[in-house]
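Q:
There are 2 protein chains.
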Amino acid sequence: MALKYYHAEPLANSLKSMVPLKEKGLAYESIYVDLHKFEQHQPWFTAINPEGQVPVLDHDGTIITHTTVINEYLEDAFPDAQPADAPLRPRDPVGAARMRYWNKFIDEHVMNYVSMHGWHRMVGVIARNIASGDFEKLLESIPLPDQRKKWATARSGFSEADLANATAKIEYALDKVEKQLGETKWLAGDTYTLADINFYSHCGAMVERMFPEMEVARRAPRLCEWRDRVAARPAVAEALKSEDRTAPGLRVWSGEVR
Amino acid sequence: MALKYYHAEPLANSLKSMVPLKEKGLAYESIYVDLHKFEQHQPWFTAINPEGQVPVLDHDGTIITHTTVINEYLEDAFPDAQPADAPLRPRDPVGAARMRYWNKFIDEHVMNYVSMHGWHRMVGVIARNIASGDFEKLLESIPLPDQRKKWATARSGFSEADLANATAKIEYALDKVEKQLGETKWLAGDTYTLADINFYSHCGAMVERMFPEMEVARRAPRLCEWRDRVAARPAVAEALKSEDRTAPGLRVWSGEVR
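First to last, the protein sequences are chains A and B. Going by UniProt numbering, the letters in the first sequence line up with residues 1 to 258, in that order. Going by UniProt numbering, the letters in the second sequence line up with residues 1 to 258, in that order.
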């Protein structure tokens, strides 16, 4: 049995499937894909994932993409490899449904909105530093039309209306999570699940540093306490230490710049 | 064991979880929610689903919402109730991952775009026929901010740019599905799964009638042949016959008007 995990910096989607691999104690080969060099659009990589996106799981030659799908796959393929406290996907149908409710909410109503602000601040700078002819060539190398559009928009700048809408979506999510954590210890119930890993990777880990104006500590104290509980898990702490080649001046997700 | 299914007309999300109930041969109480009377926003219904949306599954008092979550729940809770040909969710991890890849694509890149055209043509007419003060009251009764926004936009009209983007997304999906059906008999492989039910409910069933200008029969002949195979399944045929109170003149989804 051989697992390979192709990923970028330990944030967002790349973090989201790395944490379960480590929580489950699965041995895997880590393959860093350098997004700063656009390796994800290069032929060697699109031969592995035609959509040209990280992360990718290769399990004995079978390719699985999209982090929510990868994480469910790891549960199906390795049901007994679990952290000591509880399985990452609850074994009872209702618990699994609660987990999937949150995964769907995060995938559809959180991920893209935090991402838009990150792209606006970081990828926009990168995109505007590419010479015009080179930028057209870059766009041509991107397989997914939506990603081509996102790069083009990053260069010209996201509209104020789109950024304001993204901010409203993030604030809605903060309030929703804060309310849930008043009722249950973790997002989907009494145990830590893939839903916690999802929200942490796409929002919880960086929201306070990225959006100081939201006053997250005041607005969502339970979320902050939950975030610290997630970050203290050895698997998460280890994942966060993995390779990060982003220039420190551009690390908007990690909150070092705005 | 008692199952109740709260649903509207047999199209889109209401159809999507009704078909698995019937494919699995599960006895359930059907509860029609009249969207034309905005029953989904009324207190008796938001007491059941605070998000004010159909469909809803009630299993012995446990409420499950969101069709992809409901359909996975039915697989977890009733793993042995399956159609004769194959389980709706493949039992091998790779097959389940293929199914989830397609479910995710349909949920995130198809559903809302067909829906936007349907809302533009049908809900727009309904919304514009509501007197101004009554419309504000209607908006106030809608729990989810995104749904409030969708209703307000339906009344004022979706922008040409948004509609054109939605059309492009649907055309991309048609080509992607057509390509897949050149490789496998069903969307996720050799067997009919929840992914087929998902695409059929949100797009496949009505795309040719809703968008004659796309020339679906010419552009996607395999998709048409697949659509007819899905429609011929007794469970699907039975679901399609369930209650439909939409005024015939407004049945844009069923293609009777444009």
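Glycine included, C-beta positions come from ideal geometry on N, C-alpha and C. Please read these numbers as outputs of a predicted model, since none were measured by experiment.
(1) Verify the CB distance criterion: does GLN220(B) have a CB-CB separation below 8 Å to chain A?
(2) Under three-state DSSP, which class holds VAL56(B)?
(3) Should the region 104 to 120 of chain B be regarded as contacting the region 103 to 113 of chain A, the criterion being three or more beta carbon pairs within less than 8 Å?
(4) Taking Cβ positions only, does GLY255(B) come closer than 8 Å to chain A?
(5) Is PRO10(B) a contact residue of the ligand NAD, with contact defined as CB to any heavy atom under 7 Å?
(6) Looking at C-beta atoms only, is the number of pairs between the region 66 to 77 of chain A and the region 30 to 44 of chain B that lie closer than 8 Å three or more?
(7) So, with DSSP's three-state summary, where would you put GLY182(A)?
(8) Beta-carbon separation of SER17(B) and ILE70(B) under 8 Å?
(9) Taking 8 Å as the threshold (C-beta atoms), are THR67(B) and GLU51(B) in contact?
(10) Residues of chain B with a CB under 9 Å from the CB of ARG100(A): which are they?
(11) State buried or exposed for ALA239(B), treating a residue as buried only when at least 16 other CB atoms are found within 10 Å of its CB.
(12) Please list the partners that TYR172(A) has in chain B, where partner means a Cβ-to-Cβ separation under 7 Å.
(13) Step through the CB atoms of chain B and report whether any lies within less than 8 Å of the CB of GLN40(A).
(14) Is TYR192(B) helix, strand or coil by DSSP?
(15) Identify, in the order they occur along the chain, each residue of the same chain with its Cβ nearer than 6 Å to the Cβ of ALA205(A), setting aside the five sequence neighbours on each side.
(16) Among TYR172(A), LEU35(A), GLU208(A), whose alpha-carbon lies nearest the alpha-carbon of MET122(A)?
(17) So with Cβ pairs under 8 Å, would you call THR62(B) a contact of chain A?
(18) Thinking ASP92(B) and MET1(B) are a contact (beta carbons under 8 Å), I'd like their distance in whole angstroms, please.
(19) For PRO145(A) versus TYR101(B), is the C-beta spacing smaller than 8 Å?
(20) In the DSSP assignment, find the unbroken alpha helix (DSSP H) run with ILE106(B) in it and report its ends.
(21) What are the boundary residues of the beta strand (DSSP E) that THR65(A) is part of?
(22) From SER14(B) to HIS202(B), what distance separates their C-alpha atoms?
A: This is what the structure gives:
(1) With the sequence shown as reference, residue 220(B) is identified as Ala, and Gln is not the correct amino acid for it. So, not an interface residue.
(2) Here VAL56(B) sits in strand by DSSP.
(3) The region 104 to 120 of chain B is in contact with the region 103 to 113 of chain A.
(4) At GLY255(B), the pLDDT of 49 sits below 50, so the modelled position is not reliable; the number obtained from the coordinates is stated separately. The Cβ of GLY255(B) sits no closer than 8 Å to any Cβ of chain A.
(5) This structure simply doesn't include the ligand NAD, nor any ligand for that matter.
(6) Segments in contact, no.
(7) When DSSP states are grouped into helix, strand and coil, GLY182(A) belongs to the coil group.
(8) In this structure, ILE70(B) lies closer than 8 Å to SER17(B) by Cβ.
(9) No, they are not a contact pair.
(10) By Cβ distance, chain B contributes HIS66, THR68, VAL69, GLU72, TYR73.
(11) Around the Cβ of ALA239(B), a 10 Å sphere holds 16 or more other Cβ atoms; the residue is buried.
(12) Within chain B, the C-beta atoms nearer than 7 Å to that of TYR172(A) come from PRO145, in chain order.
(13) Interface flag for GLN40(A) against chain B is unset, since no Cβ pair is found closer than 8 Å.
(14) TYR192(B): coil per DSSP, three-state reduction.
(15) The beta carbon of ALA205(A) sits closer than 6 Å to no other beta carbon from its chain once the five residues preceding and following it are set aside.
(16) For MET122(A), the nearest C-alpha among the options comes from LEU35(A).
(17) At a cut-off of 8 Å between beta-carbon atoms, THR62(B) makes contact with chain A.
(18) The Cβ separation is near 28 Å, so there is no contact.
(19) In this structure, TYR101(B) does not lie closer than 8 Å to PRO145(A) by Cβ.
(20) From DSSP, the alpha helix (DSSP H) with ILE106(B) extends over 93 to 109.
(21) For THR65(A), the uninterrupted beta strand (DSSP E) segment begins and ends at 62 to 65.
(22) Each residue's Cα considered, the two are about 10 Å apart.
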